[in-house]
Amino acid sequence: MSRTPRETIKTSFFHVMVQGIAKSYIFNKECDIKYYIKIIKGAEKIHNTKVIAYCIMNNHAHLLLNANTIQELIKFMHRINTQYAMYYNKKYNRVGYVFRDRYKSEGIYEENQFYACMNYIYNNPVKAGICKTREDYKFSNYLENKKYITNNIQEDRKFIDVDNEVNDEFVERYIHENNIDVEHLLKDKEKLKLVINDLRRFNISFRCMERVLKISRETLRKYE
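Numbering-wise, the sequence shown is residues 273 to 496 according to the working numbering.
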């Protein structure tokens, strides 16, 4: 998939989807879903990010977010997914990844796209045959936004690969703010290890680091 040009990322609204590893159930019980919602609402108070719409299914979740900066979006998603993964692994006595990849997102640029996104999010359980109407599904905030949306069922959406640009920009800013000499980074093993660990704390993938740092993923993994 081709990358979205940097100049087009001029929005503060994002449709984000997270999915269980191997598409497996990660919200097994009602208490799990409620805990994830609790994490989301708690993260709103910490990061400058507003959750406009959400719908939590058994193996994935949809969020419509308003984030003032790209960095806040990254930190918000990192917080909620990391916190839930720790909870899930401890509760079910397991180790390893909980979420498939990190998350997928698309930028929302127009008003009609905004409302179509809300419709799409709330129609998920209806299309999955879990309930007959959006009002019947209790793990979304549909009732809070009901007056803003229509009854039109939206077609399946395709996520734009915004994450590449979002995270590339984050890494580039990190390099600039910390006066890192990328060309000589590979020669300073301790510095490289510090940079990798810092970026991993923000859930930055090795693929993204490879693009920006110009160091192969195989090499980067050796210093994690």
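Even glycine gets a Cβ: it sits at the ideal position worked out from N, Cα and C. All values reported here derive from a predicted model rather than from experimental measurement.
Within the segment 292-376, the complete alpha helix (DSSP H) segments at least 4 residues long are 302-318, 342-363, listed from N- to C-terminus.
Non-local beta-carbon contacts of leucine 464 in its own chain, meaning distances under 7 Å to residues more than five positions away in sequence, involve Leu457, Leu458, Tyr495 in chain order. Within the same chain, and ignoring the five residues on either side of valine 323 in sequence, the residues whose Cβ sits closer than 7 Å to its Cβ are Ile312, Glu316, Leu335, Leu337.
Straight-line spacing of the CA atoms in arginine 351 and lysine 310 works out to 12 Å. Fewer than three Cβ pairs drawn from the segment 351-365 and the segment 381-389 lie within less than 8 Å of each other, which leaves the two stretches out of contact. For the pair lysine 376 and lysine 461, the Cα-to-Cα distance works out to about 32 Å. Around the C-beta of serine 412, 16 or more other C-beta atoms lie within 10 Å, and the residue is accordingly described as buried.
Each residue's CA atom was taken as its position, placing asparagine 417 and tyrosine 297 some 27 Å apart.
Taking C-beta separations shorter than 7 Å and ignoring five residues to either side along the sequence, the partners of asparagine 340 in its chain run Ser284, Asn320, following chain order. As summarised for the segment 440-494, the continuous alpha helix (DSSP H) elements at least 4 residues long and confined to that stretch are 461-473, 478-485, 489-494, given in chain order. Secondary structure at isoleucine 393: helix, using DSSP grouped into helix, strand and coil.
By the Cβ-count criterion, alanine 325 is buried, with 16 or more other Cβ atoms from all chains shown falling within 10 Å of its own Cβ. No Cβ-Cβ contact shorter than 7 Å links valine 398 with valine 443. Counted as a single uninterrupted DSSP element, the alpha helix (DSSP H) harbouring glutamate 416 occupies residues 414-417. Taken through DSSP and simplified to helix, strand or coil, phenylalanine 411 comes out as coil.
As a beta-bridge residue in DSSP terms, glycine 379 pairs with Phe286. The beta carbon of tyrosine 381 lies closer than 6 Å to those of Thr283 in the same chain, with the five residues before and after it left out.
When the alpha-carbon of methionine 329 is set against those of Gly292, Phe348, Met358, the nearest one is in Gly292. Excluding sequence positions up to five before and after tyrosine 360, its CB lies within less than 8 Å of the CB of Ile298, Asp304, Arg366, Val370, all in the same chain and listed in chain order.
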